[in-house]
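For the sequence shown, my numbering assigns the number 2 to the initial residue and increments by one for each residue that follows.
Note that the Cβ used here is the ideal one computed from N, Cα and C, for glycine as well.
Keep in mind the model is a prediction, meaning the values are calculated, not measured.
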Amino acid sequence: MTELNAIVESAQSAFAQAATPADLENAKAQYLGKAGKITELMKGMAALSVDEKKARGAAINVAKQAIEAALTARRQALADAELDAQLKAEALDVTLPGRQRGQGGLHPVSLTLERIEAIFGSMGFDVAQGPEIESDWFNFTALNTPEDHPARSMHDTFYVEGGSETAPNLLRTHTSPMQIRYAVQHVKQHRASVGATDGLYAGDMPEIRVIAPGRTYRVDSDATHSPMFHQCEGLWVGENVSFKDLKFVFTDFCRTFFESDDLVLRFRPSFFPFTEPSAEIDIQFQSGPLAGRWLEVAGSGQVHPNVIRNMGLDPEKFIGFAFGMGPDRLTMLRYGVNDLRLFFDGDVRFLSQFN
Ligand code: DAH
Numbered sequence: 002m003t004e005l006n007a008i009v010e011s012a013q014s015a016f017a018q019a020a021t022p023a024d025l026e027n028a029k030a031q032y033l034g035k036a037g038k039i040t041e042l043m044k045g046m047a048a049l050s051v052d053e054k055k056a057r058g059a060a061i062n063v064a065k066q067a068i069e070a071a072l073t074a075r076r077q078a079l080a081d082a083e084l085d086a087q088l089k090a091e092a093l094d095v096t097l098p099g100r101q102r103g104q105g106g107l108h109p110v111s112l113t114l115e116r117i118e119a120i121f122g123s124m125g126f127d128v129a130q131g132p133e134i135e136s137d138w139f140n141f142t143a144l145n146t147p148e149d150h151p152a153r154s155m156h157d158t159f160y161v162e163g164g165s166e167t168a169p170n171l172l173r174t175h176t177s178p179m180q181i182r183y184a185v186q187h188v189k190q191h192r193a194s195v196g197a198t199d200g201l202y203a204g205d206m207p208e209i210r211v212i213a214p215g216r217t218y219r220v221d222s223d224a225t226h227s228p229m230f231h232q233c234e235g236l237w238v239g240e241n242v243s244f245k246d247l248k249f250v251f252t253d254f255c256r257t258f259f260e261s262d263d264l265v266l267r268f269r270p271s272f273f274p275f276t277e278p279s280a281e282i283d284i285q286f287q288s289g290p291l292a293g294r295w296l297e298v299a300g301s302g303q304v305h306p307n308v309i310r311n312m313g314l315d316p317e318k319f320i321g322f323a324f325g326m327g328p329d330r331l332t333m334l335r336y337g338v339n340d341l342r343l344f345f346d347g348d349v350r351f352l353s354q355f356n
């Protein structure tokens, strides 16, 4: 039986040397295939006697089983090795930090505008938006601003194409034109609903209460001025709206905006063509880093009768106040930012601090 043992041993070592499944199948054919060594031995039994066949057949079978077992073991070992190699090649370092998606946030001035809208919204003010390219009529004339007013000068104003030669269109220099646009719309709609005829309207009408935030433009650029900046207009017109209401509303707004009752307001006489009387509104914090300084935050006043007329209303019946404030300035004061240009540089290191 040493012959059979030798065959088994040579099969085992041939299988062990097979480095790939294909090599292994080739090696298998040499032993178990049609012309393989074991098959040849079976064929060689034809001439033996019955008893010899039994003994010889049993021995060959033992050898065959040993070879098959070696084959199965080697197949498994090759498959395991292949899987190992694959796992190693595709290994993931699950301890690596993930790639994060950058999280955006609102611009500090947008945060301020949202705050302004929420506070005035809670006081019953509508929020209106209007065009940034404005006509001479809405930006100046309808607001009682005379033709020789310095704000119309080329030094202050970005004129653009369109309009007429004597009254070209421009990038709005303030949000005040929205006073006229909104009021005219309001009056027109109300007139239609009550079937009122032409002429200045003097009937009953729901009050106009609106703020109009947005971008404004002037030829101006330094640490506290930018050619593009923000304003927020406010307008309240009714039959019985007084300076007292302006003081109340604006004081309430400032205290809510800055989250401080430790704040006083000063209405300093001033001049604007579209209001009479006019006042600049200054605020003073009683505590904190800005304590004791008067800080200008808005222009304001009682709406001029000519402006009331340009809204389509009878100034004998309607009266109101308006204000225009600077959300950029309010943002600087709220967060302690000292250079306006930081807001418009688009530097994420600065902007990300507000979210
Ligand atoms: N429009 C003015 C400006 O740009 C600000 C202003 C002052 C608005 C008085 C008003 C107002 O509504 O009543 O400087």
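Q | Outcome for Asp329 when other beta-carbon atoms lying within 10 angstroms are tallied against a minimum of 16 | A | buried
Q. Would the beta-carbon of Gly235 fall within 8 angstroms of that of Gly131?
A. no
Q | Beta-bridge pairing of Cys233 - partner residues as DSSP gives them | A | Pro214 and Met326
Q | Nonlocal neighbours in the same chain, by C-beta distance under 6 angstroms from His187, ignoring five residues either side | A | Around His187: Ile209.
Q) When every heavy atom of the ligand DAH is checked, does at least one fall within less than 7 angstroms of the C-beta of Ala323? A) yes
Q. Just the Cα atoms here: how many angstroms apart are Thr73 and Asn27?
A. 14 angstroms
Q) Do Ala213 and Ala323 have their CB atoms nearer than 8 angstroms? A) no
(Q) Below 8 angstroms, how does it come out for the stretch 92-104 and the stretch 137-144: are there three or more Cβ pairs, yes or no? (A) no
Q. Closer than 7 angstroms: is that where the CB of Thr276 sits relative to any heavy atom of the ligand DAH?
A. yes
Q: Give the secondary structure of Leu97 by DSSP, where H, G and I count as helix, E and B as strand, and everything else as coil.
A: Here Leu97 sits in coil by DSSP.
Q. Is the Cβ of Arg216 closer than 8 angstroms to any Cβ of chain D?
A. Here there is only one protein chain, and chain D is not present.
Q: Please state if the CB of Trp237 and the CB of Gly321 are separated by a distance shorter than 8 angstroms.
A: Result yes, Cβ atoms of Gly321 and Trp237 sit closer than 8 angstroms.
Q. Based on Cα-Cα distance, which residue from Gly300, Ser279, Arg342 and Phe258 lies nearest to Glu115?
A. Phe258
Q) Mind checking whether the beta-carbon of Gly302 lies closer than 7 angstroms to any heavy atom of the ligand DAH? A) yes
Q: Kindly indicate the opening and closing residues of the beta strand (DSSP E) around Thr276.
A: In the DSSP assignment, Thr276 falls within the unbroken beta strand (DSSP E) covering Thr276 to Phe286.
Q. How is the beta strand (DSSP E) around Val161 delimited, first residue to last?
A. Counting along the chain, the beta strand (DSSP E) containing Val161 begins and ends at Tyr160 to Gly164.
Q | Which residues DSSP lists as bridging Val195, in chain order | A | Partner(s): none; Val195 has no beta bridge.
**Q.** Glu115, enclosing alpha helix (DSSP H) - first and last residue
**A.** Pro109 to Ser123
Q. Sorted by chain position, which residues of the same chain lie with C-beta nearer than 6 angstroms to Lys65's C-beta, five sequence neighbours on each side aside?
A. Ile39
**Q.** Pairwise C-alpha distance: Pro228 and Ser177
**A.** 17 angstroms
(Q) Using a Cβ-Cβ cutoff of less than 7 angstroms, which residues in the same chain neighbour Gly204 once the five nearest sequence positions on both sides are dropped? (A) Val195 and Ala197
Q | When Ala299, Glu260, Phe286 and Ala224 are compared against Asn339, the one with the closest alpha-carbon | A | The candidate whose alpha carbon is nearest that of Asn339 is Ala224.
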